[in-house]
Structure formats: structure tokens, C-alpha cells
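full-length UniProt numbering puts the sequence shown at residues 1 to 129.
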Amino acid sequence: MTMQQSSHNQISVDVETTYVESQSRPEQDHYVFAYTITIANTGETSARLLTRHWIITDANGHTQEVHGEGVVGEQPFLRPGERFRYTSGTSLETPVGTMEGSYQMRNEEGEFFDAPIAPFSLAIPKSLN
């Protein structure tokens, strides 16, 4: 999935997800997922990722919101053409759910902008067709 701002501020966000069976406890309604995010600056100006905002929804419709500084303890600075990749995780009470959100960025001119992250699925293998 790729999200773009103006031609000046372009950030693409790609997501890969994995079910972490070894940390999950289905009998206790505890399902753990890892997600690997690749953030790429495809624009014409450098930008720093300042904060993150996630909306995580399980199959029962329960939603949790997460706000925080940076990602995995970092606030990566991306020059045009550079990428930053990290892996993190979340848990759900159901075997299927979704995540979506945004990163707040600041470009080298000091302008703030959001890099949206389109909804993506979290699902145990073979639970979605």
C-alpha cells in the first residue's frame, strides 16, 4: 500500500504481518501479531517521523488507540530516496482484526504533515479467504 502527500512530501508505507503462534494463547483469547513496516521517502524533501497514531480493531469491534513518539524508540530522519524498516507487534482478543493509522512528519522546512497508513488485516493463517 502506498500513501502519498503532495509531490513535495511523499511518504510510502508498506506493511507485512505475521501471526506469532508461539506467543499466542487462543484458549485465553490472546492472539499476537507482528508487523513489519517499511517507510520510504519518495518525495523531494527530507522529513522526520515525530509521532505515531494507531487504531487497532478486533473482530468484536473493540477498538484501541495508540499514540506515541516515534517508532521502536526512534524518530527516523529520511532524506529523499531513503527507507526505514522496523518490526513491532500487537495482540488481539480475536483471531482476526485490523490496524490503521498515521505518522506525523515534519519536513526540513519545518512544515508538519501526516503520512496515513491504510487499513491492513491481522489474521491467523487460513482464517481469511
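All C-beta atoms in this analysis are idealised placements derived from N, C-alpha and C, irrespective of residue type, glycine included.
These figures come from a predicted structure and were not determined experimentally.
Assigned exposure category for residue i - 16 Cβ within 10 Å defines buried
i       : result
Gln-23  : exposed
Ile-11  : buried
Gly-81  : exposed
Gly-101 : buried
Asn-60  : exposed
Gly-43  : buried
Alpha carbon of residue i to alpha carbon of residue j, nearest angstrom
i       : j       : result
Ala-118 : Thr-63  : 16 Å
Glu-111 : Lys-126 : 44 Å
Glu-108 : Val-13  : 20 Å
Ala-115 : Val-66  : 16 Å
Phe-120 : Tyr-103 : 15 Å
Gly-70  : Glu-21  : 27 Å
Proximity below 7 Å, CB of residue i to CB of residue j
i      : j      : result
Phe-84 : Arg-48 : no
Ala-34 : Thr-51 : no
Tyr-86 : Val-96 : no
CB contact check: residue i to chain D, cutoff 7 Å
i      : result
Val-66 : In summary, chain D is missing from the structure at hand, where a single protein chain is found.
For residue i, three-class secondary structure by DSSP
i       : result
Gln-75  : coil
Pro-26  : helix
Glu-109 : coil
Glu-21  : helix
- [ ] Flag this pair as touching only if the region 16 to 36 and the region 50 to 57 have three or more C-beta atom pairs under 8 Å; answer yes or no.
- [x] no
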